[in-house]
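What follows is a short report on a single structure.
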Amino acid sequence: KDVLGGIPMSVALESKYMPAMAIGLISIGERSGALSEMLEGVAEYFTADMEEKMEGVMGAMEPILTLIITGFVAVFVLAVFLPMIENMTNMM
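Using the numbering used here, the first residue of the sequence shown is number 820, and each one after it goes up by one.
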């Protein structure tokens, strides 16, 4: 609504959710007449940034999940073999 009212896009997008770098780049794009190219650049930057963060999260989750699964397997093995071992020791 603000942009249709004549307010520059960079001003209309200012909020606590929009990074200052993006606002600055959009403002430069408006002043230079290359807004579409600047918006594409901002989108590519933030897409790459998000993908990098997701790779980091997924990289951290892999060892954690491995430990959790190992714990479940260990509990299962103990639950199965501990009664067998007790029976064998009671027979002797």
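Beta carbons: idealized from backbone N, C-alpha and C, even for Gly.
In this structure, DSSP gives S829 a helical state, which the three-state scheme calls helix. For the pair A839 and S855, the Cα-to-Cα distance works out to about 18 Å. Less than 9 Å divides the Cβ of G843 from the Cβ of S829. Counting of Cβ neighbours within 10 angstroms places M857 among the buried residues, the total reaching 16 or more.
Taken in chain order, the complete beta strand (DSSP E) segments of 3 or more residues contained in the region 851–885 number zero; there are none.
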